[in-house]
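Student:
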Amino acid sequence: CAFLVLVSGCDSGFGHDLARFLDSAGMRVFAGLLDELSPGALKLKKDASPNLTVLQLDITNSICIQTSALMLFFMTHLLWTGLWALVNNAGVLGYMCDGEILPIKMYKKCLDVNFIGSVEITQAFLPLIRQSKGRLISISSMAGEVPLPGFAGYGASKAALISFNGAIRQELSRWGVKVIIIQPGAFKTSENKDPFTPRTITILMTITQIASMGHHTWPHVTSLSLFFVSNQASRFFPDAYRNALIHGLAQEVMVSYGEEYIRSMQQRLVNMSSVSSSDTGPFLEALKHAILSPRPKPFYYPGASAWALPLLYRHSPTSLSDRILSRIFMSSDAQPCRLSSLNKNKNLKKKSIA
28 CAFLVLVSGC
38 DSGFGHDLAR
48 FLDSAGMRVF
58 AGLLDELSPG
68 ALKLKKDASP
78 NLTVLQLDIT
88 NSICIQTSAL
98 MLFFMTHLLW
108 TGLWALVNNA
118 GVLGYMCDGE
128 ILPIKMYKKC
138 LDVNFIGSVE
148 ITQAFLPLIR
158 QSKGRLISIS
168 SMAGEVPLPG
178 FAGYGASKAA
188 LISFNGAIRQ
198 ELSRWGVKVI
208 IIQPGAFKTS
218 ENKDPFTPRT
228 ITILMTITQI
238 ASMGHHTWPH
248 VTSLSLFFVS
258 NQASRFFPDA
268 YRNALIHGLA
278 QEVMVSYGEE
288 YIRSMQQRLV
298 NMSSVSSSDT
308 GPFLEALKHA
318 ILSPRPKPFY
328 YPGASAWALP
338 LLYRHSPTSL
348 SDRILSRIFM
358 SSDAQPCRLS
368 SLNKNKNLKK
378 KSIA
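Using the numbering used here, you'd call the opening residue of the sequence shown number 28 and step up by one each time.
1. Give a yes or no on whether the C-beta atoms belonging to Ala317 and Arg162 are separated by under 8 Å.
2. Which whole-angstrom value describes the C-beta separation of Phe178 and Met123, a residue pair presumed to lie in contact below a C-beta threshold of 8 Å?
3. Between the alpha carbons of Met232 and Lys160, how many angstroms are there, rounded?
4. What does DSSP give as the partner residue(s) for Asn115 in the beta ladder?
5. Would you kindly work out how many angstroms separate the C-alpha atoms of Ser283 and His43, rounded to a whole number?
6. So, does the stretch 52-65 touch the stretch 74-88, judging by three or more C-beta pairs under 8 Å?
7. I'd like the list of long-range same chain contacts for Ser89, defined as Cβ closer than 7 Å, with 5 residues on each side in sequence excluded.
8. Tell me whether Leu347 is buried or exposed, calling it buried when 16 or more other Cβ atoms sit within 10 Å of its Cβ.
9. Taking DSSP as the reference, what is the three-state secondary structure of Thr149?
10. Is there contact here, the stretch 124-140 with the stretch 62-82, by at least three beta-carbon pairs under 8 Å?
11. What whole-angstrom Cβ distance do Ala52 and Lys315 have, given they're in contact under 8 Å?
12. Using only the alpha-carbon positions, how far apart do Phe310 and Glu279 sit?
13. Hey, how far is the Cα of Ile228 from the Cα of Leu64?
14. Taking the alpha helix (DSSP H) that Ala179 falls in, what are its first and last residues?
15. Among Pro329, Trp202, Thr94 and Arg365, which one has its Cα closest to the Cα of Ser167?
16. First and last residue of the beta strand (DSSP E) that includes Lys205?
17. So, at 6 Å on beta carbons, what are the nonlocal neighbours of Gly109 in its own chain, with the 5 sequence-adjacent residues on each side left out?
18. Given that a residue counts as buried once 16 or more other Cβ atoms are within 10 Å of its Cβ, and exposed if not, what is Gln150?
19. Would Pro77 be called buried (16 or more neighbouring beta carbons within 10 Å of its own) or exposed?
20. Is the Cβ-Cβ distance between Gly212 and Ala333 less than 8 Å?
21. Between Val32, Arg350, His342 and Gly36, which lies nearest to Asn116 when the distance is taken from Cα to Cα?
22. In its own chain, which residues sit with a C-beta less than 7 Å from the C-beta of Val140, not counting the 5 before and 5 after it?
23. On the criterion of 16 or more Cβ atoms from any shown chain inside 10 Å, does Phe326 qualify as buried, or is it exposed?
24. Of all the options Thr94, Ser39 and Val34, which has the alpha carbon lying nearest to the alpha carbon of Met54?
25. Tell me the rounded alpha-carbon separation between Ala361 and Ser368.
26. Whose C-beta lies closer than 6 Å to the C-beta of Asp38 among residues of the same chain, with five residues either side of it excluded?
27. Within 10 angstroms of the Cβ of Phe101, are there 16 or more other Cβ atoms? Answer buried if so, exposed if not.
28. Using a Cβ-Cβ cut-off of 6 Å (strictly less than) and excluding sequence neighbours within five positions of Arg196, which residues of its own chain qualify?
29. Would DSSP call Tyr327 helix, strand or coil?
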């Protein structure tokens, strides 16, 4: 197969699995990684065929993007082919917590990587895709369509990505370019299944830096599976996770929510990971169809939760969908400190009246 595909965010998680899957399908793959010497990069170099090329690609670095685009420009002309598909996969989750508590730096980081970085890499490589009348594929999330409690920053960045792709899908149709969004449900990638593989030891060492330095090092941990880093950090370094959240919080906000409530947030990701699907086959097959089909769909929803929750949100009364989503994504046992005190006082008054 002569299809040439560029995938961003291949250090680990979905991106790593995608690169290997497309390579095994016989495509010419350029695997964009944050670090060419990372365990994920070394594993790709070792296990993949000669048709896979590892490419240093930091989507938040304009110079790095332009250098990669220039290199691919010369390579595609040398091979007498254009770039058939760009898969925008790189992304960050940040922290899972209430929107009022999420640090502004993390809102900015989510937007920089999940939206601005994807737009910049798209603009850099679109000339090659227009040449081949190929495909632009973005990996989004149901959080970009359905407002999920705890995902305010992440969801906003993915919503922006969906809107951007919707606009350029119409604009690029006259060039013969197909623009596609893949919106997967919750899946367990290789990191979620076994966090202690050799490939993830270096990542956990980076999380150790988070434990000692707080959220200042967190933004550098990109291109990982959706829940992996937040999940592992919350499991192994709960104090660091809590400290990173309360860093810079206004005193009134801190008093209203309380440390106990903030500490309880680390359990949310652990709970979500336990109900994620371990079969990534539907996701990989959706991507393969998006790349190879002569008539790809504009949207793909691999995984049960990927279509079930948007369906619920679109067709249910807001009060009902809010209640269901809150029950799924918010811990019913944990309450902000001030609300908990108010509820206790109400209960005491009811008892005294009775």
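Beta carbons: idealized from backbone N, C-alpha and C, even for Gly. In this text, all values refer to a predicted model and were calculated from it rather than measured experimentally.
Tutor: The structure says:
1. yes
2. 7 Å
3. Note that Met232 scores a pLDDT of 41, beneath 50, so its modelled location is shaky and nothing firm can be said.
4. Ser165
5. 42 Å
6. yes
7. Glu147
8. exposed
9. helix
10. no
11. 6 Å
12. 44 Å
13. Bear in mind that the predicted position of Ile228 carries a pLDDT of just 38, short of 50, making it unreliable; the figure below should be weighed with that in mind. Ile228 and Leu64: Cα-Cα distance of roughly 14 Å.
14. Ala179 to Leu199
15. Pro329
16. Lys205 to Ile209
17. Thr103, Leu155, Gln158 and Ser159
18. exposed
19. exposed
20. yes
21. Gly36
22. Ile86, Thr87, Ala117, Gly118, Val119 and Thr249
23. buried
24. Val34
25. 12 Å
26. Leu60, Leu61, Ser65, Gly67 and Ser250
27. exposed
28. Val206
29. strand
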